[in-house]
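The structure appears below as structure tokens.
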Amino acid sequence: MKLEREAVTHIARLARVHLTDDEIDTYAGQLGDIIGHFDVLDGVNTDGIEPTTQALMLRNVMADDVAGPSLPRDVVLDLAPTTEDGYLRVRAVLE
Amino acid sequence: MTTTTPATRYETVIGLETHVQLLTERKMFCDCSAAYADAPPNTHVCPVCMALPGVLPVMNRKAVEFTIMTGLALNCEIPPFAKFDRKNYPYPDLLKGYQISQFDMPSTQNGWVEVQVEGEEPRRVGITRAHLEEDTARLTHKEGADGESYSLIDMNRSGVPLMEVVTDPDMRSAEEAREYLLKLRQILRYMGVSNANMEEGNFRCDANISLRPVGSAEYGAKVEIKNMNSFSAVYNAIQYEVRRQTEELDAGRVIAQETRGWVEDVNEAFGSDFAKGSTVSQRSKEGAHDYRYFPEPDLPPLTVDLSYVEKIRAALPELPDAKRARFQSEFGLSLYDANLLVETRAKAAFFEEAVAAIEDPTDAGRLRFARLIANWMIGDFTRLLNANETELADSRVTPKRLYAMISLIEQGTITGASAKSVFEEVFRTGGDPAAIVKDLGLEQIGGSDEISQIVDKVIEANPKPVADYRAGKQEAVKFLVGMSMRETKGRANPATLTEILKQKLEA
Ligand SMILES: [Zn+2]
Numbered sequence: 002m003k004l005e006r007e008a009v010t011h012i013a014r015l016a017r018v019h020l021t022d023d024e025i026d027t028y029a030g031q032l033g034d035i036i037g038h039f040d041v042l043d044g045v046n047t048d049g050i051e052p053t054t055q056a057l058m059l060r061n062v063m064a065d066d067v068a069g070p071s072l073p074r075d076v077v078l079d080l081a082p083t084t085e086d087g088y089l090r091v092r093a094v095l096e
Numbered sequence: 369m370t371t372t373t374p375a376t377r378y379e380t381v382i383g384l385e386t387h388v389q390l391l392t393e394r395k396m397f398c399d400c401s402a403a404y405a406d407a408p409p410n411t412h413v414c415p416v417c418m419a420l421p422g423v424l425p426v427m428n429r430k431a432v433e434f435t436i437m438t439g440l441a442l443n444c445e446i447p448p449f450a451k452f453d454r455k456n457y458p459y460p461d462l463l464k465g466y467q468i469s470q471f472d473m474p475s476t477q478n479g480w481v482e483v484q485v486e487g488e489e490p491r492r493v494g495i496t497r498a499h500l501e502e503d504t505a506r507l508t509h510k511e512g513a514d515g516e517s518y519s520l521i522d523m524n525r526s527g528v529p530l531m532e533v534v535t536d537p538d539m540r541s542a543e544e545a546r547e548y549l550l551k552l553r554q555i556l557r558y559m560g561v562s563n564a565n566m567e568e569g570n571f572r573c574d575a576n577i578s579l580r581p582v583g584s585a586e587y588g589a590k591v592e593i594k595n596m597n598s599f600s601a602v603y604n605a606i607q608y609e610v611r612r613q614t615e616e617l618d619a620g621r622v623i624a625q626e627t628r629g630w631v632e633d634v635n636e637a638f639g640s641d642f643a644k645g646s647t648v649s650q651r652s653k654e655g656a657h658d659y660r661y662f663p664e665p666d667l668p669p670l671t672v673d674l675s676y677v678e679k680i681r682a683a684l685p686e687l688p689d690a691k692r693a694r695f696q697s698e699f700g701l702s703l704y705d706a707n708l709l710v711e712t713r714a715k716a717a718f719f720e721e722a723v724a725a726i727e728d729p730t731d732a733g734r735l736r737f738a739r740l741i742a743n744w745m746i747g748d749f750t751r752l753l754n755a756n757e758t759e760l761a762d763s764r765v766t767p768k769r770l771y772a773m774i775s776l777i778e779q780g781t782i783t784g785a786s787a788k789s790v791f792e793e794v795f796r797t798g799g800d801p802a803a804i805v806k807d808l809g810l811e812q813i814g815g816s817d818e819i820s821q822i823v824d825k826v827i828e829a830n831p832k833p834v835a836d837y838r839a840g841k842q843e844a845v846k847f848l849v850g851m852s853m854r855e856t857k858g859r860a861n862p863a864t865l866t867e868i869l870k871q872k873l874e875a
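In the order they appear, the protein sequences are chains A and B. Quick note: the first sequence uses the numbering used here, first residue 2, plus one each step. Quick note: the second sequence uses the numbering used here, first residue 369, plus one each step.
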């Protein structure tokens, strides 16, 4: 199953990700495969099985309290559409 | 309560939600440093805390431990299973569009803390929960030259571990709310889990306030107050809000369930006995916010076994209430004095170190020295710290030096009057009290010969008061004692000196 190009472009815009034409084709295929997989899952009989939000059944995955390096600021700021004095700049949003 | 009439008609019901930044090295879910206070904007940022697609959070073990510690200190249950959830709301301070928090299965719940307003009986305030979440980015609101308003985002704070402590609606006055906050701050600082400083923004409090007719079991409509950035702001905002809601109810109006912000220094609607400032409506709450909570799929849940909890409990420091009770029973201190000594962990530690230095092997001697140490700490020492705007931790006075100085008084090497000068010198230089006494020549004049000579001189130089005394004017002796003490530079024992003086006058 392949997703429509328009759907991929729309999702990319919502995620603020810029895609080239080739990438749109690639992701249309990949996203389509992922969504198609739900049809497979739908076919599984889950009667009497507790719902879960975790597929791997992992517990207590934690990191020690040791700080590591962050990204250089110019790399961070390059990812934002608008910046000012080292900050990201956005339109005012009233709560 | 400032006025008595509303208090008889309505009961005030207050619950507090306090956000506490935890003192970890790393952020909650990524490796960025959590120490952002002095960092230039957007320098503690990585793909996780700026919410790039496809990243995976990994929780900070220390933050989980700090939360359980806090839960234990607040007498909470530590459920064997806890999980994280996504709290969805669109606002630019949330880079992901949701905050990772704990919704229905928090790490700690159902506790209490004892709070005492001066002059009232101690009361328990229920702790609904202390759960773990992440802080948001910081927004600065600006206005451009064209009048367009916009916001600047600094992501350094995004993802810093944040603990939210929620109380039951158990407080009944602004005083009680303030005592609760002071107690919470004290406990957090004792454990070293947070700086808990309101002005620095790492201890932030929102208040839920409602009124109900006295005797009613039902709660009134709840108003949430935000933007209180100091202890006095919390106190003043609650006072204001109680008064406002009282007036609304008295006028027959219905209290709207809403969020209001505390704004300082605006209007004086309720007259001069109220602090300047008022609460201003921010938004109405149509029922509960729809945050569309759902379990965080990227974070495996936590199982907490009993042995782990007990290990954390065993490692907790002695907390202020327990310490205060022990100081009272072990050293016979008053509640008031013991409270002052346990105010900070550093102060209590200073007292305990000084007490540990006591050489007197008798129980009576130990109690006597302990009380003297407490008196000096609460009296002269605190006065000097305040006058010099110094913290105890930065002071040059060590517990051993304070004890050594008190020993000099007790041994009769110096008088109480000289001790004040000696202590000031110890405070100034950090020097050894015995050496300071030598340098300043402050040894107590022991021999009555030396005192005798000084007294003779004073009698000779002051014939009028001497004659007055001999003529029956008893108070005249005070002047002569004062003159003699000045002559000795405070180095004589006043009782001995007075006795010698009287003998000579009456001879
Ligand atoms: Zn990060």
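Heads up, the beta-carbon is just placed ideally off N, CA and C, and yes, glycines get one too.
Residue i - DSSP class collapsed to helix/strand/coil
i       : result
A505(B) : coil
N595(B) : strand
I521(B) : strand
N478(B) : strand
L462(B) : coil
K3(A)   : coil
V765(B) : coil
R497(B) : strand
Q650(B) : strand
M539(B) : strand
L390(B) : coil
G629(B) : strand
T781(B) : coil
V341(B) : Absent from the model: residue 341(B). The displayed extent of chain B is 369 to 875, so no value can be given.
T380(B) : strand
N743(B) : helix
K841(B) : coil
A725(B) : coil
I623(B) : coil
Residue i - containing alpha helix (DSSP H), residue span
i       : result
R557(B) : 542 to 559
R681(B) : 674 to 683
G850(B) : 844 to 855
V77(A)  : 74 to 79
L752(B) : 750 to 755
Buried versus exposed, by CB contacts within 10 Å (16 or more), residue i
i       : result
D538(B) : buried
F718(B) : buried
N576(B) : buried
Y890(B) : The first residue shown for chain B is 369 and the last is 875, placing residue 890(B) beyond what the model contains.
Q31(A)  : exposed
K841(B) : exposed
Q467(B) : buried
G620(B) : exposed
D633(B) : exposed
Q470(B) : buried
Boundaries of the beta strand (DSSP E) in which residue i is found, first to last residue
i       : result
I36(A)  : From DSSP, I36(A) is part of no beta strand (DSSP E) but of the alpha helix (DSSP H) over 22 to 43.
N576(B) : 571 to 581
M531(B) : 529 to 535
K451(B) : From DSSP, K451(B) is part of no beta strand (DSSP E); its letter is neither H nor E.
L873(B) : No beta strand (DSSP E) holds L873(B); the alpha helix (DSSP H) holding it covers 862 to 874.
L89(A)  : 88 to 92
Same chain only: Cβ atoms within 7 Å of residue i, ignoring 5 sequence neighbours per side
i       : result
D728(B) : R734, F737
I822(B) : S852, E855, T856
M427(B) : M396, F397, L667
Sequence-distant residues of the same chain with beta carbon closer than 8 Å to residue i, five excluded per side
i       : result
V805(B) : L776, T781, I782, S786, V790, E811
F449(B) : M473, P669, L670, T671, V672
L760(B) : T712, A714, K715, F718, L753
Cut-off 6 Å between Cβ atoms - residues of its own chain near residue i, not counting five sequence neighbours on either side
i       : result
K691(B) : V710, A716
T730(B) : none
V845(B) : Y837
Q613(B) : L579, I623
G655(B) : Summary for G655(B): the model assigns pLDDT 46, below 50, so the residue's position carries little reliability; its value from the coordinates is reported in the next sentence. Nothing listed; no residue qualifies.
V485(B) : E543, E544, E547
G479(B) : L442, N443, C444, I495
Inset, instruction - Kindly confirm or deny that the region 379 to 399 of chain B and the region 566 to 577 of chain B touch, where touching means at least three C-beta pairs closer than 8 Å. - result: Yes, the region 379 to 399 of chain B touches the region 566 to 577 of chain B.
Legend entry - the region 484 to 498 of chain B / the region 394 to 401 of chain B touching (three or more Cβ pairs under 8 Å): With the cut-off at 8 Å, the region 484 to 498 of chain B and the region 394 to 401 of chain B do not touch.
Legend entry - Inter-stretch contact at 8 Å, needing at least 3 Cβ pairs: the region 465 to 479 of chain B / the region 443 to 457 of chain B: yes
Legend entry - Inter-stretch contact (C-beta, 8 Å, three-pair minimum) for the region 604 to 620 of chain B and the region 542 to 561 of chain B: Touching, yes.
Inset, instruction - Check whether the region 681 to 690 of chain B touches the region 554 to 564 of chain B, counting contact only when three or more Cβ pairs, one atom from each stretch, lie closer than 8 Å. - result: yes
Inset, instruction - Inspect the CB distances between the region 404 to 416 of chain B and the region 519 to 529 of chain B and report whether three or more fall short of 8 Å. - result: yes
Legend entry - Segment contact flag, the region 529 to 538 of chain B with the region 495 to 507 of chain B, C-beta cutoff 8 Å, min 3 pairs: yes
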